[in-house]
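241 is the number of the first residue of the first sequence in my numbering; add one for each residue after it.
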Amino acid sequence: MTVVDPADAARAATLREEIERANHNYYVLDRPTISDAEYDRLFRELQALEQRNPTLRTADSPTIRVGVEPRSALVKHQHLVPMLSLGNAFNAEELQEWEDRLIRLAGDEVRRSGYACELKIDGVAVSLTYREGVLIAGATRGNGVIGENVTANLRTIRSIPLRLRGTGHPLVMEVRGEVYMPFSGFVRMNEERVRAGEPVFANPRNSAAGALRQLDPAVSAARPLRFFAYQVAFHDGVDCPARSQFEMLDLLESWGLLVAPHRLCAETLVDVHAWAETIEQRVRAELDFAIDGAVVKVNDMRLWPELGVVGGREPRYAIARKFAPDIAETRLLKIEINVGRTGSLNPFAVLQPVEIGGATVQLATLHNFELIREKDLRDGDIVLVKRAGEVIPQVIGPVPDRRDRDNPPLRFNPPTHCPVCGTKAVPGIDRGMLYCPNFECPARQLEGLVHFASRRAMDIRGLSYARIRQLLDAGLITDPSDLFDLRPGQLKQLERFADRSAEQLVQAIQASRAQPLSRLLFALGIDHVGETAARQLARHFGNMDDIAKATRDEILAIHGIGEAIADSVTGWFANPAARRLVEKLRRGELNFEEPRQKTTGALRGMTFVLTGTLDTLSREQAADLIEANGGKVTSGVSKKTSYVVAGADPGSKLEKATTLGVPVIGEQELRRLLT
DNA sequence: CCGCCTCGAGTTCT
DNA sequence: CTCGAGGCGG
């Protein structure tokens with residue numbers, strides 16, 4: 241006789257109530273009140289409590305039921321075989337526990353069978369009934385046993401065949417799968433709704449659910465819905481046409497159904513884990529639809545009955561490896577604008593900090609003003625933010641349902657003037673972009689100086705963003721040439737400047753005067769003149785004065801330099817302010833010469849691409865080494881690449897090298913090439 | 001004129 | 001790292 245802790249009992253009751261309320265809001269009212277992650281947390285806590293105290297497991301506990309009663313406006317549909325849900329594993333350890341349990345139940349057969357791995361689409365589960373290959377009915381999952389008949393709506397989805405292709409389909413069967421709305425379609429649909437003055441949808445899954453339950457099929461036909469199939473159910477006694485889940489997926493495809501991409505037949509759990517990591521870190525961000533995890537199934541279907549079902553609810557042969565949610569709702573506090581070095585006005589979103597995929601997101605780029613207009617983003621909106629792997633956070637769109645209807649926030653208007661200096665903004669070549677044309681704009685000066693001092697330009701250590709701002713505010717500098725007049729005494733006057741750091745900074749600035757012309761030229765920040773073009777110019781002309789007086793045609797003659805760069809360079813040197821800057825730099829005794837490049841070298845004519853972490857050399861050292869020996873380093877792999885030098889943990893370039901047949905070498909082999 | 005190869009520029013968080 | 005556009009070769 242076990243004694244139940246009264247605190248546990250009270251907690252269980254609270255959890256049950258909260259879960260029931262969330263279920264009702266989600267399934268019945270279609271208005272989710274808590275996030276999926278929060279729901280999962282509550283659910284698991286309740287499960288754990290009940291496991292510890294079996295007497296708490298009441299007959300009406302949500303852990304026993306699969307869902308709730310469906311809304312009754314639609315005709316009911318009884319599933320041939322119940323549509324069960326899946327147990328969850330949130331990490332590799334829980335996945336391992338699952339396998340351990342399987343092996344205890346069915347022995348090593350499980351290992352030999354391997355695992356079928358599929359994406360878990362975040363959509364609406366449906367069941368399609370085919371008789372003699374013809375679609376006769378379709379239903380939502382409902383409570384798992386009885387769903388809603390939405391046949392007419394499902395028929396409007398083009399990726400659902402009305403008649404199956406191929407042969408070998410059982411007389412009557414239900415194809416199980418997921419209806420979803422792609423991100424692109426979701427965004428487009430909301431844009432159209434904004435134009436039509438209609439309310440907009442909160443997120444793709446709710447849109448798909450809402451579209452399926454429309455009473456008028458014409459309405460759901462207009463929605464961009466898709467379908468992926470993942471399973472088949474038949475009457476007992478019907479021979480399954482496939483032996484394994486993976487074969488079944490192939491069979492579904494041969495019948496003309498779509499199966500979610502990136503599936504894998506894994507031999508071991510280690511492979512499953514590696515695959516799931518790749519999906520979560522890399523693949524997920526590229527998909528045009530939401531996934532909330534991966535489904536792992538024992539591949540051999542003959543083992544399924546033996547493994548049984550947990551609590552009448554979750555079959556043991558499959559488990560959902562859940563990912564951290566990569567989408568969250570948060571408030572867009574304000575749309576702000578950054579002024580770039582080139583004068584580009586870059587809008588970004590300041591967000592109420594929100595946890596997504598293990599990182600706190602506060603800022604997200606909005607790219608350009610066209611995009612803000614299309615999505616109709618406004619200060620104060622609740623927005624959907626997506627972030628996956630190492631991808632930069634992205635604002636998918638507003639959730640206007642949550643906008644105060646009586647008092648909507650003001651529509652965002654692109655700036656007419658530079659927010660920093662007030663100069664009239666001008667449109668750029670790229671659509672949606674605006675520029676501040678003022679060369680003396682303080683923001684542009686700040687960004688320009690940061691670029692000047694940066695590692696790849698003049699490489700002045702200790703001259704950080706904050707320091708530059710401090711020097712500008714103190715009126716000690718306005719342009720890069722002023723740096724070279726700075727004296728330690730002036731810096732020591734400033735706050736937070738120790739004697740030693742003042743001397744070190746002046747020292748670093750003085751040392752940078754010797755940088756080759758190519759770096760100085762790049763540091764000046766002339767439009768279209770990056771590292772490569774700067775080096776080309778410096779090598780070709782040899783010194784600053786010959787570049788300054790070069791004609792457009794003389795510059796055009798250089799291989800790799802075309803009209804855009806030539807015009808930009810001659811234009812820059814024609815500007816009196818620029819000429820004054822050059823003269824001040826000359827007085828500061830900066831190096832205006834490019835050292836003669838030796839034209840020999842073991843790597844002459846070869847092109848290299850670096851990826852991953854090399855054994856001893858840093859990426860930069862390796863690049864220097866290659867260039868010192870006459871070779872070239874580029875960023876992308878192409879047919880012209882001679883070698884890809886790969887280290888530990890290489891990126892996507894390695895894959896591209898193998899597909900293009902480019903030889904891949906390591907650091908040791910690179911060194912051998914030098915001799 | 002088209003397609004491929006490069007380069008330039010901007011960007012978030014740990 | 002990725003997108004977009006510059007530049008070149010066919």
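Quick reminder that beta carbons are idealized off the backbone N, C-alpha and C, glycines included.
Contacting residues, own chain, Cβ-Cβ under 7 Å from residue i (five flanking each side not counted)
i, result
"Ala-253", "none"
"Ser-312", "In this prediction, Ser-312 scores a pLDDT of 45, lower than 50, which makes its location untrustworthy; the coordinate-derived value is nonetheless stated afterwards. Closer than 7 Å at Cβ, skipping near neighbours: no residue."
"Pro-545", "none"
"Asn-869", "Gly-841, Ala-842, Leu-843, Leu-914"
"Gln-592", "Thr-570, Arg-571, Leu-573"
"Arg-399", "It should be pointed out that residue 399 corresponds to Ser in this sequence rather than to Arg. Excluding sequence neighbours, Ser-399 sits near Arg-466, Phe-467, Leu-498."
"Ser-424", "Asp-528"
Same chain only: Cβ atoms within 8 Å of residue i, ignoring 5 sequence neighbours per side
i, result
"Asp-670", "Asn-608"
"Glu-349", "Asp-540, Leu-543"
"Pro-457", "Ala-392, Asn-393, Arg-395, Thr-396"
Contact set for residue i: own chain, Cβ-Cβ below 6 Å, skip 5 residues either direction
i, result
"Leu-606", "Pro-587, Phe-588, Ala-589, Ile-612"
"Val-415", "Leu-368, Ala-469, Val-472"
"Phe-529", "Tyr-420, Pro-422"
"Arg-305", "Residue placement at Arg-305 is poorly supported in this model, since its pLDDT is 49, which falls under 50; the coordinates are not used for a value here."
"Pro-649", "Arg-618, Asp-619, Gly-620"
"Val-478", "Pro-410"
"Met-241", "Here Met-241 scores only 40 on pLDDT, less than 50, and its place in the model is too uncertain to base an answer on."
"Arg-381", "Met-323, Ala-365, Gly-387"
"Gly-406", "Ser-494, Trp-495"
Residue from the options with nearest C-alpha to residue i
i, options, result
"Leu-286", "Thr-295, Glu-260, Arg-256", "Arg-256"
"Arg-618", "Pro-638, Leu-603, Pro-633", "Pro-638"
"Pro-654", "Val-350, Leu-585, Tyr-705, Ile-717", "Leu-585"
"Arg-727", "Gln-747, Pro-720, Asp-793, Arg-736", "Gln-747"
"Asn-328", "Val-885, Asn-539, Ala-558", "Ala-558"
"Arg-433", "Ser-808, Leu-865, Lys-615", "Lys-615"
"Arg-341", "Ala-886, Leu-497, Val-549", "Val-549"
"Glu-337", "Arg-371, Gly-887, Lys-893, Arg-561", "Arg-561"
"Ile-866", "Glu-909, Phe-832, Arg-836", "Glu-909"
"Glu-487", "Gly-354, Val-579, Thr-508", "Gly-354"
"Asn-578", "Ala-604, Trp-495, Ala-568", "Ala-604"
"Gly-580", "Leu-674, Ala-448, Arg-701", "Leu-674"
"Val-510", "Leu-527, Leu-491, Val-536, Val-523", "Val-536"
"Leu-533", "Asp-566, Glu-526, Cys-505", "At residue 533 the sequence reads Gly, which differs from the Leu that was named. Among Asp-566, Glu-526, Cys-505, the Cα nearest to that of Gly-533 belongs to Asp-566."
"Ala-751", "Leu-857, Tyr-279, Asn-831", "Asn-831"
Residue i (DSSP reduced to helix, strand or coil)
i, result
"Arg-571", "strand"
"Phe-692", "helix"
"Val-499", "coil"
"Pro-659", "coil"
"His-780", "helix"
"Met-488", "helix"
"Asp-540", "strand"
"Tyr-557", "coil"
"His-319", "coil"
"Ser-808", "helix"
"Leu-504", "strand"
"Asp-362", "coil"
"Lys-615", "helix"
"Asp-566", "coil"
"Gly-729", "helix"
"Gln-602", "strand"
"Ser-367", "strand"
"Asp-348", "coil"
"Phe-762", "helix"
"Ile-708", "helix"
"Val-635", "strand"
"Pro-667", "strand"
"Glu-743", "helix"
"Pro-246", "helix"
"Glu-576", "strand"
Does the structure place the segment 583–599 close enough to the segment 781–796 that three or more beta carbon pairs sit under 8 Å?
no
Is the segment 321–330 touching the segment 392–406 in the sense that three or more CB pairs, one from each, lie closer than 8 Å?
no
Taking only runs of the alpha helix (DSSP H) that begin and end inside the segment 380–468, which ones reach a length of at least 4 residues, in chain order?
391–395, 423–435, 444–452, 457–461
At a cut of 8 Å, does the segment 656–668 reach the segment 717–733 through at least three beta carbon pairs?
no
At least 3 beta-carbon pairs within less than 8 Å: the segment 684–696 vs the segment 704–724:
yes
Take every Cβ of the segment 785–798, pair it with every Cβ of the segment 806–823, and state whether three or more of those distances are shorter than 8 Å.
yes
Could you give the uninterrupted runs of the alpha helix (DSSP H) lying entirely in the segment 811–896, keeping only those of 4 residues or more?
816–827, 859–868
I want to know whether the segment 496–504 touches the segment 349–363 - three or more CB-CB distances under 8 Å.
yes
Quick check: the segment 757–773 against the segment 846–864, are there 3 or more CB pairs under 8 Å?
no
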